[in-house]
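Residue numbers (our numbering), protein chains in the order written: chain G, 11 to 286; chain Y, 11 to 286.
As structure tokens, the structure follows; a few thoughts come after it.
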DNA sequence: GATAAAACAGAATAAATATTCCATTTATGG
DNA sequence: CCATAAATGGAATATTTATTCTGTTTTATC
């Protein structure tokens with residue numbers, strides 16, 4: 011009947027969960043997975059509900075509780091109900107709690123980034139130019155090949171775009187600058203370039219966009235200001251203003267915009283491929 | 011028997027409570043006072059417990075619930091439980107609905123990603139393990155060299171971490187898999203590895219973390235579940251649960267956590283270098 | 001201070017929920 | 001491939017918990 015020691019805190023619980031979930035049989039591992047991902051529901055749910063969530067029988071869930079060191083579900087739930095009160099307060103309060111731990115403590119910093127990200131997202135929703143976005147989707151959906159370029163701070167965005175395109179089987183290439191090869195030769199007329207750059211704008215990105223424009227390729231730009239250096243490329247400009255924390259920013263809004271763009275392109279291509 | 015309208019939100023509940031508690035008889039007012047002061051316990055307590063807390067009989071508490079507009083205690087508790095469990099929308103079906111109504115426009119998708127990002131960030135604020143975060147910062151601040159590894163979906167996070175470290179003049183190397191070189195030889199005892207991976211976990215990342223652990227290096231892991239495959243490396247586990255939109259996620263929370271980690275390490279190093 | 005109405009406590013009952021048990025299936029070692 | 005053990009599903013049972021009911025007490029009204 012499992013070890014005699016039942017966890018008495020969330021940390022102990024998580025530790026034990028991680029420790030034994032490796033060696034669990036199938037159904038019990040399902041429970042472990044579900045519980046790990048939905049810890050907060052335990053305090054307010056019944057065995058029946060949780061076992062449905064985990065996709066197992068109630069009796070299996072009971073066995074899981076016992077493996078975790080409790081006498082049964084009730085005892086396990088009791089632990090979660092006792093530690094429940096602290097988690098209750100709303101987002102604003104929790105943020106204050108994080109901040110209260112000292113000025114440049116990790117948690118205070120995290121709070122700043124979280125808040126900055128949230129603000130950026132809200133801002134994005136209200137300021138993005140939908141017409142341009144739709145146009146960009148149309149152009150990209152029709153492109154034989156998509157080139158993604160972005161360095162330094164923009165590189166994570168560029169790489170995530172490439173990942174998304176790859177996952178959707180869309181022909182795209184990430185120009186990552188490895189080997190200092192000249193990427194121009196890969197761009198053919200008709201291809202579309204997604205150029206991502208923020209101030210201080212990186213010259214390579216601007217150059218590549220300019221080149222693409224010269225040879226008659228359409229450019230979609232993701233940047234932090236409408237009046238950036240990409241203007242002369244006739245690019246479809248998607249501008250995102252991200253809230254900074256000190257010298258850094260969290261990229262939440264930019265990445266959200268990028269992934270929405272990519273998925274939209276995927277959806278559009280599906281539509282074009284199947285009926286009309 | 012009270013108004014026919016039961017409160018459906020915390021606000022409505024509090025409003026109604028304030029409204030009618032004036033005119034309540036003695037015992038029921040005791041209930042009202044206790045509930046006002048212990049709102050957070052309702053979701054996780056039984057009638058018996060609450061009535062003891064309020065100093066009344068269970069039957070009195072039942073009458074209180076009915077006065078508040080509910081059919082009984084269970085219905086009232088249900089409201090609190092639902093309010094608490096932040097209902098993460100099921101975006102898979104939500105997207106299906108969007109498609110069904112023909113509205114999978116880029117703007118609709120963008121709205122979904124923005125919303126998902128917001129939820130993820132708010133959730134991050136309340137679930138991050140501060141102790142582990144601080145420990146990770148300490149370890150990284152003391153590391154002679156930081157190795158960052160993460161592929162596929164985790165690669166943008168890894169690259170952004172590297173960018174941040176580089177900007178702060180912190181010795182860090184991004185293992186990007188270019189050239190299929192074996193990255194192990196670069197890791198020396200004492201170095202610290204930041205391994206980022208999400209389900210389905212990439213074998214290279216796990217292997218590298220395991221190797222680092224074997225040669226006595228500390229591992230900091232950023233993942234989506236506590237009980238991930240990184241367990242046996244004794245890693246400092248930072249887990250982030252991100253809300254998916256269909257098959258994709260916006261990475262908002264993960265990137266925010268990563269950048270907060272990096273900046274914290276920078277701050278800590280400054281402190282170690284100058285003061286103390 | 002008498003009377004009616006409302007409020008109450010406590011016990012009895014009903015409903016929901018956890019837990020156990022056992023037959024059946026699935027994995028494991030020889 | 002067989003024998004044995006482990007794991008599982010589903011239903012039966014036990015326990016907890018909510019809810020209702022009734023006799024009694026308090027409170028308000030005249």
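Think of the CB as a built atom: it goes at the ideal place given N, C-alpha and C, for glycine as much as any other residue.
Everything numeric in this text was worked out from a predicted model, so none of it was measured.
Distance between beta carbons of residue j and residue i, contact taken as under 8 angstroms
i: residue 243 of chain Y; j: residue 220 of chain Y; result: 6 angstroms
i: residue 182 of chain Y; j: residue 169 of chain Y; result: Wrong, their Cβ atoms sit about 11 angstroms apart, outside the cutoff.
i: residue 160 of chain Y; j: residue 197 of chain Y; result: Between residue 197 of chain Y and residue 160 of chain Y the Cβ distance is about 15 angstroms, and since that is not below 8 angstroms, they are no contact.
i: residue 105 of chain G; j: residue 121 of chain G; result: 5 angstroms
i: residue 174 of chain Y; j: residue 165 of chain G; result: Actually they do not touch by this definition, with Cβ atoms about 12 angstroms apart.
i: residue 94 of chain G; j: residue 53 of chain G; result: 5 angstroms
i: residue 119 of chain G; j: residue 268 of chain Y; result: Incorrect: roughly 12 angstroms between the Cβ atoms, too far for contact.
i: residue 32 of chain G; j: residue 241 of chain Y; result: 7 angstroms
i: residue 77 of chain Y; j: residue 30 of chain Y; result: 7 angstroms
i: residue 188 of chain G; j: residue 273 of chain Y; result: Contact flag wrong, Cβ pair sits at about 27 angstroms.
Reference residue i; option with closest CA among the options
i: residue 124 of chain G; options: G/109, G/207 and G/135; result: G/109
i: residue 282 of chain Y; options: Y/60, Y/27 and Y/148; result: Y/148
i: residue 236 of chain G; options: G/215, G/60, G/247 and G/212; result: G/247
i: residue 102 of chain G; options: G/128, G/82 and G/155; result: G/128
i: residue 245 of chain G; options: G/222, G/264 and G/45; result: G/222
i: residue 21 of chain Y; options: Y/37, Y/83, Y/89 and Y/58; result: Y/89
i: residue 277 of chain G; options: Y/39, Y/18 and Y/112; result: Y/112
i: residue 47 of chain G; options: G/116, G/176, G/63 and G/32; result: G/63
i: residue 130 of chain G; options: G/261, G/43 and G/80; result: G/261
i: residue 239 of chain G; options: G/255, G/254 and G/218; result: G/218
i: residue 156 of chain Y; options: Y/91, Y/79, Y/231 and Y/35; result: Y/231
i: residue 212 of chain Y; options: Y/70, Y/179 and Y/186; result: Y/186
i: residue 71 of chain Y; options: Y/92, Y/25, Y/36 and Y/99; result: Y/36
i: residue 65 of chain G; options: G/82, G/42, G/19 and G/77; result: G/42
i: residue 153 of chain Y; options: Y/216, Y/28 and Y/204; result: Y/204
i: residue 51 of chain Y; options: Y/16, Y/91 and Y/73; result: Y/91
i: residue 179 of chain Y; options: Y/151, Y/45 and Y/256; result: Y/151
i: residue 107 of chain Y; options: Y/274, Y/81, Y/255 and Y/263; result: Y/255
i: residue 49 of chain Y; options: Y/81, Y/19 and Y/162; result: Y/19
i: residue 142 of chain Y; options: G/24, G/40, G/16 and G/68; result: G/24
i: residue 137 of chain G; options: G/275, G/162 and G/263; result: G/263
i: residue 134 of chain Y; options: Y/228, Y/233 and Y/73; result: Y/233
i: residue 145 of chain Y; options: Y/163, Y/193 and Y/228; result: Y/228
i: residue 162 of chain Y; options: G/176, G/40 and G/163; result: G/176
Classification of residue i by the beta-carbon crowding that lies within 10 angstroms, buried from 16 upward
i: residue 252 of chain Y; result: buried
i: residue 140 of chain G; result: exposed
i: residue 13 of chain G; result: In this predicted model, residue 13 of chain G has a pLDDT of only 46, less than 50, meaning its place in the structure is not dependable; the value taken from the coordinates is given anyway. It is exposed - the Cβ of residue 13 of chain G has fewer than 16 other Cβ atoms within 10 Å.
i: residue 201 of chain G; result: buried
i: residue 87 of chain G; result: buried
i: residue 11 of chain Y; result: Confidence at residue 11 of chain Y is low in this model, with a pLDDT of 40, below 50, so the placement of that residue should be treated as unreliable; the coordinate-derived value is given next. That one is exposed.
i: residue 191 of chain Y; result: exposed
i: residue 266 of chain Y; result: buried
i: residue 225 of chain G; result: exposed
i: residue 55 of chain G; result: buried
i: residue 84 of chain G; result: exposed
i: residue 116 of chain Y; result: buried
i: residue 249 of chain Y; result: buried
i: residue 100 of chain Y; result: exposed
i: residue 16 of chain Y; result: buried
i: residue 215 of chain G; result: buried
i: residue 194 of chain G; result: exposed
Near the ligand ADP: residue i beta-carbon under 7 angstroms from a heavy atom
i: residue 90 of chain G; result: Of the ligands one can find in the structure shown there are none, so the ligand ADP has no counterpart to examine.
4-residue-minimum alpha helix (DSSP H) runs that sit fully inside the stretch 177 to 259 of chain Y, ordered along the chain:
With a minimum length of 4 residues, the continuous alpha helix (DSSP H) runs that stay inside the stretch 177 to 259 of chain Y are 213 to 224.
What residues from the stretch 152 to 184 of chain G come within 8 angstroms of chain Y, judged by C-beta to C-beta, listed N to C?
For the stretch 152 to 184 of chain G, which is checked against every Cβ of chain Y, the residues closer than 8 angstroms are 162, 163, 165, 166, 167, 169, 170, 173, 174 and 177.
Where in the stretch 74 to 122 of chain G do unbroken runs of the alpha helix (DSSP H), each at least 4 residues long, occur, reported from the N-terminal end onward?
The qualifying runs are 83 to 92 and 101 to 109.
Of the residues that make up the stretch 56 to 83 of chain Y, which ones have a beta carbon closer than 9 angstroms to any beta carbon in chain G?
The stretch 56 to 83 of chain Y vs chain G, Cβ under 9 angstroms: nothing.
Where are the beta strand (DSSP E) runs, 3 residues long or more, that stay fully inside the stretch 122 to 175 of chain G, in chain order?
With a minimum length of 3 residues, the continuous beta strand (DSSP E) runs that stay inside the stretch 122 to 175 of chain G are 156 to 159.
Check each residue of the stretch 188 to 204 of chain G: if its Cβ is closer than 8 angstroms to any Cβ of chain Y, include it; give the result in chain order.
For the stretch 188 to 204 of chain G, which is checked against every Cβ of chain Y, the residues closer than 8 angstroms are 188.
Where the stretch 125 to 153 of chain G meets chain Y: residues whose CB sits under 7 angstroms from a CB there:
Correct list: 127, 128, 131, 134, 135, 138, 140, 143, 144 and 147.
Please list, in chain order, the residues of the stretch 246 to 267 of chain G that have any C-beta partner in chain Y closer than 9 angstroms.
For the stretch 246 to 267 of chain G, which is checked against every Cβ of chain Y, the residues closer than 9 angstroms are 255, 256, 257, 258, 259, 260, 261, 262, 263, 265, 266 and 267.
Under 8 angstroms (Cβ pairs) to chain Y, residues found in the stretch 106 to 125 of chain G:
Flagged, chain order: 108, 111, 114, 115, 116, 117, 119, 120, 121, 122, 123 and 124.
Contact set between the stretch 20 to 36 of chain G and chain Y, restricted to residues whose Cβ is under 7 angstroms from the partner:
For chain Y, the residues of the stretch 20 to 36 of chain G that bring a beta carbon within less than 7 angstroms of one of its beta carbons are 24, 27, 28, 31 and 32, in chain order.
Taking a Cβ distance cut-off of 9 angstroms, strictly less, list which residues of the stretch 210 to 237 of chain G are near chain Y, in chain order.
For the stretch 210 to 237 of chain G, no residue has a beta-carbon sitting nearer than 9 angstroms to a beta-carbon of chain Y.
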